[in-house]
Every structure is written in structure tokens, then in C-alpha cells.
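**Q** Structure in C-alpha cells, see below.
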Amino acid sequence: MSTTDLEAAETETEAAFRAGMMAAEPHPIGSDNRFYVVTPADGSTPVVIDLLDRTQHLADTPLRKTGQVTVHTAAALVGYVQRHHTPHTEVWSDVERPAIFAVINGNAKATPGHGDHAALLTLRKTDAWKAWEAASGRYGTQLQLAELIEDRAIDIVNPSSAALLEVAQTFKAARQVDFESSHRLSTGEVSLVYREQNNASAGKKGELAIPETFELALAPFEGSPTYKVIARLRYRITEGSLAIGFVIERPKDILASAFEDVHTEVALALPQGVPMLSGWPTR
């Protein structure tokens, strides 16, 4: 059968269905005149019609609120819940996602809600956190670390950004050197001894002292406060070449703590009577 024949057959079927529906007499279901059942004249499966649903597109407002919004800060979620909450509203929190889910018409009361009006808080990591997190645990050249320190100097707390920038600039100036040895100073800093090669027969020695750790102030999530983050410097010297990097201490703990603070912020600001539950609803 050709495409034209199929289209013609479908048209005839639709016409026959409409004719059968027109010939059938609708019968009300219940006493509120909202639902009607129509049995087509050809004896096919009866059809239930909801008059209220059919006329909703003509109404000024829908029958009830539905839909789901996604927000990215605790303040936005709280604002939405405060504006739309009902006696059925319940809020769920899950640190593993990490996210908070507010079901506006949920099952908080004895009578269940439809559960189809909700607000989802998904936390997004800040650019600052992503930059340091991506570099953590990776060894690279002095120049690569220097560029990161320069780009993210605003995040550095201790030693001062100026001091660490000076170290970064020294890394740049000394990137063509042969590193010979290292030792730990009484102050806890690490001293790297290197020889800079000016020509094949001569050279000059110097010492490059860098801190063992440095402290950052980072907001893990958009809209969250800043947290103290300790980064521990790491380096390797192989055949005169230095590979250097750092490792953020306990990043998962910092993220979990930040989420817990968001959880607390939301819980304290929810309208009275709206429960804050641990877990996630099954939808």
C-alpha cells in the first residue's frame, strides 16, 4: 500500500470515528455533570470525557498549580516555598545528590496531594571551587602553577596573595633550572636548591623557599558562604626536573559541610508547619 493509500485510509478511519461519536449519546457519570461516557455507535471502546479538563484552556486560570521549577540557591528555594506552600507541602533533602526537593502539594497531611507541583534546588559549584578542584592532585610545571596562582589570587588567604604571587613569579623566572635537592626548614617551609644554566660551563646557585601549605577562602556552591580550605603543596624532582602541584585537604568533607549549611538555612526559613525530611521522594 502506498503512502497516499495509507493517508486516505487514516482519514476514512477518523471520519468514521467522528461519525460514530456523533451518533452516540453521552451519559453522565455521577451527579456533578463533570464526567460523561460516550459509547460509539460502532460498539468500540467507550470514551470518558472530562468537561472541566476540556474547558480549562478557556478559563482565566487553571484548576490548580502544577509543574516543577529548578533553582540554584537556598534563598530562591525558600522564596518559592514561601510564596506557594500549602498544608500538603513537604521538603526533602539528600546530601548525596546534593539537592533539596520541595513538593508543594505533597503528602504532608493525612489526605494526599497530587505531588505534581514542586521546586528543585540543585547546587552548582562556583568557578573558583572548580578551578582549584580541577588542579588538585595534578603535577605540572612551575609555570602552570604560577598561572593558576595569578588567575585565582583573590582566593588566597595565607600566605598573602602578594607573597604567593611573588613565589609564582619566581617559579616563572626559574623554570629553566636544574633542581638538585630539597630540605625542610625549621619554619616548616621547603627549600629547593637549584642551579640555573646560563651556558655549558658556568652556573649560579640559589634557593627557592615555598610554603608547605597555603590557605584558600572558597565558596563551594553558588550562593553559599566561603570556607577555609587548606591546600598542601606536593613536588617531585626527577633528573633535575621539577614537577609541582598541590592537594586540597578533605574536599568531600568541605562540600558535605557546605551542603549541611544550605540544609540548615532552608530548614530555618521554611514556613511554620512545613516539614524538612531526610531522603528523597519516590515519584
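Numbered by my numbering, the letters in the sequence shown go through residues 353 to 635 in order. For each residue, glycine too, the CB sits at the ideal point set by N, CA and C.
On the DSSP bridge list, what partners appear for Ser593?
**A** BP columns for Ser593 point to Thr590.
**Q** Can you name, in chain order, every residue of its own chain whose Cβ lies under 8 Å from the Cβ of Pro414, other than the five neighbours on each side?
**A** Excluding residues within five positions, the ones whose Cβ falls inside 8 Å are Gln408.
**Q** Between the Cα of Glu377 and those of Arg386, Ser383, Val399, spot the shortest distance and give me the residue it belongs to.
**A** Closest option to Glu377, Cα to Cα, is Val399.
**Q** With distances taken from CA atoms, which of Arg586, Asn459, Gly465 is nearest Phe566?
**A** The residue with the shortest Cα to Cα distance from Phe566 is Arg586.
**Q** If I measure Cβ to Cβ from Thr578 and keep anything under 7 Å in the same chain, skipping five residues before and after, which residues do I get?
**A** Closer than 7 Å at the Cβ level, and outside the excluded window around Thr578, lie Ala569, Leu570, Ala571.
**Q** Got a sec? Which residues, its chain only, sit under 7 Å from Ser630 by beta carbon, not counting five neighbours each side?
**A** Hits under 7 Å: Ser445.
**Q** Measure the Cβ-Cβ separation of Thr441 and Ile456 and say whether it is below 8 Å.
**A** Their beta carbons are under 8 Å apart, which means Thr441 touches Ile456 by this criterion.
**Q** What do you reckon, are the CB atoms on Leu403 and Tyr388 nearer than 8 Å?
**A** Taking 8 Å as the Cβ cut-off, Leu403 and Tyr388 qualify as a contacting pair.
**Q** Quick one: what does DSSP say Ile401 is sitting in, helix, strand or coil?
**A** Three-state DSSP puts Ile401 in a strand.
**Q** Work out the CA separation of His379 and Thr422 for me, nearest whole Å.
**A** Taking the straight line joining both Cα atoms gives about 43 Å.
**Q** Taking a contact to mean a Cβ-Cβ separation below 8 Å, would you say Gly492 touches Ala595 in this structure?
**A** In this structure, Ala595 lies closer than 8 Å to Gly492 by Cβ.
**Q** Nearest by alpha-carbon distance to Thr478: which of Phe598, His469, Leu472, Ala610 is it?
**A** Looking at the Cα atoms, Ala610 is the closest of the given residues.
**Q** Taking the alpha-carbon of Pro623 as reference, which of Val430, Ser512, Val599 has the nearest alpha-carbon?
**A** Closest by alpha carbon: Val430.
**Q** Whole angstroms is fine: what's the gap from Pro636's alpha carbon to Val599's?
**A** Nothing in the structure corresponds to residue 636, since the chain is present only between 353 and 635.
**Q** Once the 5 residues before and after Lys580 are set aside, which same chain residues still bring their CB inside 8 Å of it?
**A** Closer than 8 Å at Cβ, skipping near neighbours: Val509, Glu567, Leu568, Ala569.
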